[in-house]
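Q: Structure in structure tokens, see below.
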Amino acid sequence: MHTHDNPTHTRRDFLKTTAAGIAAGSVIGMAGTARGGFAGDGAFGLEKRRLGKTGMEVSVLGFGGAEIGYGRVEQERVSELLNTALDQGLDAVDTAECYVESETLIGNAIGHRRDDYSLFTKVGHWPSGKDGWSAEGITRSIERSLERLKTDHIDLVHLHSCGIDVLKEGDAIEALEKARDAGKTRFIGYSGDAAPARFAVETGRFDTLMTSLSIFDQESIDLTLPLCREQDMGVIVKRGIGNAVWRYDEFPTNGYYQEYWRRMQKLDYDFMRPANRDNTGPDGPAGIALRFVLSQHGVHTNVVGTTNPKRFAQNAELLKAGPLDAEQVEAIRTRWKDVAEEGWVGQI
Ligand SMILES: NC(=O)c1ccc[n+]([C@@H]2O[C@H](COP(=O)([O-])OP(=O)(O)OC[C@H]3O[C@@H](n4cnc5c(N)ncnc54)[C@H](OP(=O)(O)O)[C@@H]3O)[C@@H](O)[C@H]2O)c1
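Per the working numbering, the sequence shown runs over residues 4 to 351.
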């Protein structure tokens, strides 16, 4: 499924299905049984990495704000989730104007302790529509984000997965550069995948790249990471736990999860086979998925989406085992190279 031509499609699917799941008392809860219970505790001591030329120091585990927005999670739960995670070592929070109420939820939850975290948001995506890519549209979007996030500056604003045409045209990048000059944001980046991500990196105008990278999505490892390293760009991984699709015994009805679920069947990693799926330790599916991402040279943090107030501590605990050893990484890379189809490009 090529999603990069029409990112709103998969996100709308996500919204439709996940909202129902939340209402039913389960975050996912549609097709198949969602697994994932874990009894971790304490999560201090996360490794920190320098986010490329931005010089920001960030923990290897960040927070992705899409799921709280699309899942329409209530304020009280988001406040508990984020304040607890900040107390446990979270220091980077990612959101976007288009994630429904995500920015407002985050601003209300932790706007009062703004010095405790680096804040990333994105501009130019649905629901702003086409207008979202104009210089004026981007400038207005940043102003709205500042207000909702209850802050006078954002640390990093990403262009939200625009195509090569928008990047070539140049207005969008220029608007971000102006916002950086005006102090509205300290740094600017591109968030996206496949050919547009490569093009964005090649422009040399961005401080960071946010891109998909996981055991189910390995295109970026060769396509963009080497160039990012050359340019000392910060690299933030999204979808790094691959939406934890092993939680589904059956094809998920949520369109946003389907491509990774399909890939999982074909990849057939041993650590993801049914007998191993309930292993919530560092050598189980979640542990290996998270540790694989952090084994990649040039990756600095992984913003994992969650609606579960216990999840940050659990994932931080898994990461205490550190990156995978070279042999494990090689086995996952080899398996991917052996079975990946031509269409297995980076998923927005
Ligand atoms: N184009 C773009 O710029 C773009 C696109 C996609 C995403 N993003 C950003 O990247 C972030 C991450 O992407 P994502 O949220 O789509 O996907 P993700 O982080 O790959 O997956 C999130 C899902 O994984 C589950 N999960 C997390 N840890 C788990 C564990 N240890 N065991 C079992 N399940 C676990 C969460 O469930 P629980 O709720 O139960 O924890 C949630 O449903 C987004 O939130 C967003 O900030 C950006």
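All C-beta atoms, glycine included, are put in the ideal place defined by N, C-alpha and C.
The structure presented is a predicted model; accordingly, all values stated were derived computationally and were not measured.
Compute the Euclidean distance between the alpha carbons of Glu364 and Leu159, then round it to the nearest angstrom.
A: Limits of the chain in this structure are 4 at one end and 351 at the other, which puts residue 364 out of reach.
Q: Count the other C-beta atoms from every protein chain shown that fall within 10 angstroms of the C-beta of Arg53, then say buried if there are 16 or more, exposed otherwise.
A: It counts as exposed.
Q: Output the boundary residues of the alpha helix (DSSP H) element that contains Arg183.
A: That run of the alpha helix (DSSP H) goes 174 to 184.
Q: Is any heavy atom in ligand 1 found nearer than 8 Å to the beta carbon of Ile141?
A: For ligand 1, not one heavy atom lies less than 8 Å from the Cβ of Ile141.
Q: Determine which residues share a DSSP beta bridge with His163 and list them.
A: In DSSP, His163 forms a bridge with Ser194.
Q: I'd like the list of long-range same chain contacts for Ala27, defined as Cβ closer than 6 Å, with 5 residues on each side in sequence excluded.
A: No answer about Ala27 holds up, because its pLDDT of 32 lies below 50 and its placement is not dependable.
Q: Could you give the residue range of the beta strand (DSSP E) that holds Asn305?
A: Start and end: 304 to 308.
Q: What are the boundary residues of the alpha helix (DSSP H) that includes Val332?
A: Per DSSP, Val332 belongs to the alpha helix (DSSP H) from 329 to 342.
Q: Please report the distance separating the alpha-carbon of Phe41 from that of Asn318.
A: At Phe41, the pLDDT of 36 sits below 50, so the modelled position is not reliable; the number obtained from the coordinates is stated separately. The alpha-carbon atoms of Phe41 and Asn318 are separated by roughly 9 Å.
Q: In whole angstroms, what is the alpha-carbon distance linking Asn111 and Gly284?
A: Rounded to the nearest angstrom, the two C-alpha atoms are 33 Å apart.
Q: Would you list, in sequence order, the uninterrupted beta strand (DSSP E) runs of no fewer than 3 residues that lie entirely inside the stretch 115 to 150?
A: Listed in chain order, the complete beta strand (DSSP E) runs (minimum 3 residues) inside the stretch 115 to 150 are 121 to 126.
Q: Among Gly55, His156, Glu177, whose alpha-carbon lies nearest the alpha-carbon of Arg189?
A: When only C-alpha atoms are compared, the closest one is His156.
Q: Which partner residues of Lys241 appear in the DSSP bridge assignment?
A: Answer is Ser215, Val306, bridged to Lys241.
Q: Go through the stretch 267 to 326 residue by residue and report every complete run of the alpha helix (DSSP H) that reaches 4 residues or more, in order.
A: Qualifying alpha helix (DSSP H) stretches, in chain order: 288 to 297, 314 to 322.
Q: Confirm the yes/no value for this check: CB of Val307, any heavy atom of ligand 1, distance under 8 Å.
A: It does: the Cβ of Val307 is within 8 Å (strictly closer) of some heavy atom of ligand 1.
Q: Consider the C-beta atom of Lys241 and the heavy atoms of ligand 1; say whether any pair is separated by less than 8 Å.
A: At least one heavy atom of ligand 1 is nearer than 8 Å to the Cβ of Lys241, so yes.
Q: Inspect the beta-carbon positions of Gly68 and Ala99 and report whether they are closer than 9 Å.
A: A contact, by the Cβ cut-off of 9 Å.
Q: Measuring CA to CA, which of Ser148, Gln221, Leu84 is closest to Gln299?
A: The candidate whose alpha carbon is nearest that of Gln299 is Gln221.
Q: For the beta strand (DSSP E) containing Val81, name the first residue and the last one.
A: Run containing Val81: none in the beta strand (DSSP E); it sits in the alpha helix (DSSP H), 78 to 90.
Q: Would you mind reading off the limits of the alpha helix (DSSP H) that contains Glu361?
A: Absent from the model: residue 361. The displayed extent of the chain is 4 to 351, so no value can be given.
Q: What's the gap between the Cα of Leu149 and the Cα of Arg242?
A: Taking the straight line from one Cα to the other gives about 25 Å.
Q: Count the C-beta pairs between the stretch 304 to 321 and the stretch 262 to 270 that are closer than 8 Å, then say yes if the count reaches three, no if not.
A: No, because fewer than three Cβ pairs between the stretch 304 to 321 and the stretch 262 to 270 fall closer than 8 Å, the two stretches do not touch.
Q: Could you check where the alpha helix (DSSP H) with Arg53 kicks off and where it finishes?
A: Not the alpha helix (DSSP H): Arg53 falls in the beta strand (DSSP E), residues 51 to 53.
Q: Compute the Euclidean distance between the alpha carbons of Glu104 and Glu77, then round it to the nearest angstrom.
A: Using only the alpha carbons, I get a separation of about 10 Å.
Q: Going by C-alpha to C-alpha distance, which of Gly287, Asp273, Phe123 sits closest to Val96?
A: Out of Gly287, Asp273, Phe123, Phe123 has the C-alpha closest to the C-alpha of Val96.
Q: For Ala200, which of helix, strand or coil comes out of DSSP?
A: Reduced to three states, the DSSP call for Ala200 is helix.
Q: On the three-state DSSP scale, how would you describe Ile157?
A: In this structure, Ile157 counts as strand in the three-state DSSP scheme.
Q: Could you tell me if Lys125 is buried or exposed, where buried requires 16 or more neighbouring beta carbons within 10 angstroms of its beta carbon?
A: Classification of Lys125: buried, given that the 10 Å Cβ count is 16 or more.
Q: Using the three-state DSSP reduction, which class does Asp225 fall into: helix, strand or coil?
A: Helix, per DSSP.
Q: Skipping 5 residues on each side, what residues in its chain have a beta carbon closer than 8 Å to that of Ser223?
A: Only Asp196, Ala200, Thr214, Ser215, Leu216, Gly349 meet the Cβ criterion.
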